[in-house]
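Keeping their order, the protein sequence lines are chains R and Z. In this text, residue positions in the first sequence follow full-length UniProt numbering: the first is 1, and each later residue adds one. In this text, residue positions in the second sequence follow full-length UniProt numbering: the first is 1, and each later residue adds one. Read the structure below first, then the notes.
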Amino acid sequence: MVLKVYGPHFASPKRALVTLIEKGVPFETVPVDLMKGEHKQPAYLALQPFGTVPAVVDGDYKIFESRAVMRYVAEKYRSQGPDLLGKTVEDRGQVEQWLDVEATTFHPPLLNLTLHIMFASVMGFPSDEKLIKESEEKLSAVLDVYEAHLSKSKYLAGDFVSLADLAHLPFTDYLVGPIGKAYMIKDRKHVSAWWDDISSRPAWKETLEKYSFPA
Amino acid sequence: MVVKLFGQIKAGNPQRVLLCFLEKGIEFEVIHVDLNTFEQKKPEYLLRQPFGQVPAIEDGDLKLFESRAISRYYATKYADQGTDLLGKTLEQRAIVEQWMEVEANYFNVVVLPLVINIVFTPKFDVALVEELKVKLDKVLDVYENQLATNRYLAGAEFSLADLTHMPGMRYIMNEAGLGSMITSRENVNRWWNEISARPAWKKLMEMAAY
């Protein structure tokens, strides 16, 4: 039985999808209709009790949280495709460090921008201008740290591309596209070069081609 | 050479790492970073942790920050020593990872602002706190369900998934005055009582000397 990823058209599931494609792992996707509230129905909650996407089913095995899925896939298929966890325990420590930075520090302000700029009208809540401004300032300060770091390191965890870099792809794709703040990336020389590099990887291009939100 | 942990023993995120060291029987040294004088934002410290947060560790040539990443590293490196915190198989580890992510993305995102407001802000935003409590209620309902059929979050054994919650849970039960959210839930209450009775946790509480 082939691994299934639920909710492929949304951003967080794409962390899992790009990892599967990088590692050459076969999989199927199952659409989840968020607009119809499918994610709050008992059938979906049995797979992901918080009612968010993605959920992954691999035979009898179930796992959710996109970054946990990334780690699972990268470890299980360690011997095929690029080694997205690094070679040594120490390499992996750096990968984990920047994966956690993405989750705890980069993602929260970017999520605010995503919700309030892209989805407020669709989801039916008022867009908070003050929050948008504060979130952009916070994200800017974070990107300044990235700029300094990437001037000394080709990728986040070192000289190899890893889960830490890939984890940034889906929401940064929103930032430079529909959110309309590409300058936050482009105006930073090393962040811009890093973004061009990771977003031009064939696995990411394939992810976008196949699973972009239907227009 | 002994690993150095930069931070404050009373601060939540350093406690995550200290608890991991204590569970694994790893020797360590704490280098106090004075959060009250914003030492963590000074240039010398920013070289260690560019976001100006605690903790950071230095272990010979290895430097790491992000308490969960540090915990994962040591739990992996010392897999055969002390408490097994990552499960025995890849599949078990992934479930531990899943619930560690849940702590970061669902639990901490509400508990952190709750604690900052209730405990550390003189005139806090009452409406925001009420909103956050509603969110925390929903998250704890999921935990209550999970812990009805599992002794610990990731299954039958204590793991990093449980450990990573402990500093935040301590605030909930103490300074934040939200203990009733825990005691009113039979399984979450049982889980907290069991994990906070662990010797490593008691040792950490001794060190913190609240």
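No residue lacks a Cβ here, since even glycine has one placed at the ideal position from N, Cα and C. Nothing here was measured: the structure is a model prediction, and the numbers come from that model.
Leaving aside the five residues that flank ARG93 (chain Z) on each side, the residues in its chain whose CB is nearer than 8 Å to its CB run, in chain order, LEU86 and GLY87. At least 8 Å separates the beta-carbon of HIS116 (chain R) from that of PHE171 (chain R). Under the 10 Å beta carbon count, PHE64 (chain R) is surrounded by 16 or more other beta carbons and is classified as buried.
The Cβ atoms of VAL95 (chain R) and LEU85 (chain R) lie closer than 8 Å to each other. Your pair GLU136 (chain R) and LEU113 (chain R) checks out as a contact, with CB atoms roughly 7 Å apart and the cut at 8 Å.
For GLU91 (chain Z), the closest Cβ of chain R is nearer than 8 Å. Close to chain R, meaning a Cβ-Cβ distance shorter than 7 Å, are the following residues of the UniProt domain "GST N-terminal" (1-82) of chain Z: PRO50, PHE51, LEU62, LEU64, PHE65, GLU66, ARG68, ALA69, ARG72, TYR73, THR76 and LYS77. The C-alpha of ILE21 (chain R) is placed about 39 Å away from the C-alpha of LEU22 (chain Z). Distance between LEU114 (chain Z) and PHE10 (chain R), taken at the CA atoms: about 29 Å. Under the Cβ distance rule, TYR72 (chain R) counts among the residues neighbouring chain Z, one pair being separated by less than 8 Å. Per DSSP, reduced to three states, the secondary structure at LEU64 (chain Z) is strand. Shown here for LEU35 (chain Z): same chain residues with a beta carbon closer than 6 Å to its own, the five before and five after excluded, namely GLN8 in chain order.
Residues are counted here when their Cβ sits less than 7 Å from a Cβ of chain Z; for the region 61-90 of chain R these are TYR61, ILE63, PHE64, GLU65, ARG67, ALA68, ARG71, TYR72, GLU75, LYS76, VAL89 and GLU90, given in chain order. Comparing C-alpha distances from THR83 (chain Z) to each of Z:LEU163, Z:PRO43, Z:LEU153 and Z:PHE6 shows the shortest one belongs to Z:LEU163. As for any beta strand (DSSP E) of minimum length 3 sitting wholly inside the UniProt domain "GST C-terminal" (88-215) of chain R, there is none. Across the structure, SER127 (chain R) and PHE50 (chain R) are spaced so that their CA atoms are roughly 24 Å apart. 8 Å or more divides the Cβ of LEU204 (chain Z) from the Cβ of GLU75 (chain R). The shortest C-alpha to C-alpha distance from SER121 (chain R) to any of R:MET35, R:PRO13, R:PRO214 and R:ALA43 is the one to R:MET35. Note on the UniProt domain "GST C-terminal" (89-210) of chain Z: whole alpha helix (DSSP H) runs with a minimum of 4 residues are 90-102, 108-120, 126-149, 160-163, 166-173, 180-183, 186-195 and 199-208, in chain order. Assigned with DSSP and collapsed to three states, GLU58 (chain Z) falls in strand.
Here DSSP, grouped into helix, strand and coil, assigns LYS24 (chain Z) to helix.
Taking a Cβ-Cβ threshold of 9 Å, the residues of chain Z close to VAL101 (chain R) are PHE51, PHE65, GLU66 and ALA69, in chain order. According to the DSSP assignment, ILE63 (chain R) belongs to the beta strand (DSSP E) that extends over 61-64. Around the CB of ILE31 (chain Z), fewer than 16 other CB atoms lie within 10 Å, so the residue is classed as exposed. Neighbourhood of HIS168 (chain R) in chain Z, by CB distance below 8 Å: empty, with the nearest CB roughly 15 Å away.
CA-to-CA, the gap between ASN187 (chain Z) and THR149 (chain Z) works out to about 9 Å. Membership of ALA16 (chain R) in any beta strand (DSSP E) is not indicated; the residue belongs instead to the alpha helix (DSSP H) covering 11-22. One alpha carbon belongs to TRP204 (chain R), the other to LEU169 (chain R), and they sit about 8 Å apart.
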